[in-house]
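Per our numbering, the sequence shown starts with residue 94, numbered consecutively. This report concerns only the one structure given below.
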Amino acid sequence: MMYFEVFARTEVGCARERNEDSFLVLDLGTGASGLMPAVRNRSLAPPGTVVAVCDGMGGAAAGDLASKMALETLDQVMKARAPLHDVPTAEHALLEAVATSNRVINEFARANADKRGMGTTMTAAALFGPDVVVVQVGDSRAYLRRGRQFKQLTMDQNVVGQMIASGRISPEQARTVRQRNMLLEAIGVQEKVGPDLVRVRLQPGDTMLLCTDGLTGPLDDGHILQLLDTYDDPVRACRALTEAACAAGGPDNVTVAILRFVGASGEIGDATEPVAHDRRPAVA
């Protein structure tokens, strides 16, 4: 059975007055969340682990509160649905968490006029075996690195992501599009939300990255991969990535979570095997 090393880090950046990003690392076996050294190494087995990042939106309308509310709800729902023992169970639990978060935030905003417009992205991974399930709302991303491969598993739910998917522009061209941050989906903004579900099979030696657009805005994929190649340790890699985003201007809050997967005996898988993943829209 594989195990994984995990760490996460968030920074306010260089241009924002406060941090509206949040992250969660939840052990479904103990019900505890956090990153103390004793719990950074985890078994890739039921009852499972949940790792998530959120990027709040709304500024004065409490984007920071929205991201925290979404992760608190994710925490509660996933603990109630544990243990995770197969893909359908994990997908159902993640979709329930998204739908509940959306309802909770939307109702709170409608009851508090000064919070109208609050919302958040969410990208969350449920880890319980070699098949990992990711749910995404918005434009926070999930990547998988395998050797020299660096695969974006999610598709940005924004105007630019739609343009890339339709072939109108390339990912490189997307970096210069002014409307690239215009979201098509966010938690808490509308009564209904349309998440994407992703399934990917892991092998020893893989590294998963979850991040907000505070990382992928200033840094392109090549730069991110270079830093992941340089720093194997998730703690050092998280620091290097957030510091590089700040050094590149730090125009937004930046949050990263890194998971490094290792075989039971420390073995590394075939780094040339293509990363195969399945992504589909879902209803929450």
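Backbone N, C-alpha and C define an ideal beta-carbon position, used for all residues, glycine too. Values in this document were obtained by computation on a predicted structure and should not be read as measured data.
Answer with buried or exposed for residue i, where buried requires no fewer than 16 other C-beta atoms within 10 angstroms of its C-beta.
i	result
residue 113	buried
residue 358	exposed
residue 286	buried
residue 198	buried
With a CB to CB cut of under 6 angstroms and the five nearest residues on each side skipped, what residues in its chain are close to residue i?
i	result
residue 305	114, 146, 148, 233, 348
residue 318	243
residue 163	147, 194, 213, 215, 280
Residue j and residue i - do their beta-carbons sit closer together than 8 angstroms?
i	j	result
residue 213	residue 150	yes
residue 276	residue 250	yes
residue 225	residue 219	yes
residue 188	residue 139	no
residue 338	residue 307	yes
residue 379	residue 111	Residue 379 is absent from the model: the chain starts at 94 and stops at 377.
CB-CB under 8 angstroms to residue i, same chain, minus the five flanking residues each way: which ones, in chain order?
i	result
residue 185	174
Taking the straight line between their C-alpha atoms, what separation do you get for residue i and residue j?
i	j	result
residue 132	residue 98	9 angstroms
residue 373	residue 293	12 angstroms
residue 345	residue 309	10 angstroms
residue 122	residue 297	22 angstroms
residue 200	residue 227	25 angstroms
residue 312	residue 342	10 angstroms
residue 361	residue 355	7 angstroms
residue 196	residue 377	10 angstroms
residue 288	residue 166	16 angstroms
residue 329	residue 168	26 angstroms
residue 108	residue 237	29 angstroms
Return the chain-ordered list of same chain residues with a C-beta closer than 7 angstroms to the C-beta of residue i, the five sequence neighbours on each side being excluded.
i	result
residue 335	102, 104, 347, 349
residue 161	115
**Item:** Every unbroken alpha helix (DSSP H) inside the segment 150-178 [4 residues or more]
**Value:** 156-174
**Asked** In the segment 258-344, which residue ranges form an unbroken beta strand (DSSP E) of at least 3 residues, counting only runs that do not cross its ends?
**Response** Counting only unbroken stretches of 3 or more residues, the beta strand (DSSP E) elements lying wholly within the segment 258-344 are 289-294, 300-304, in sequence order.
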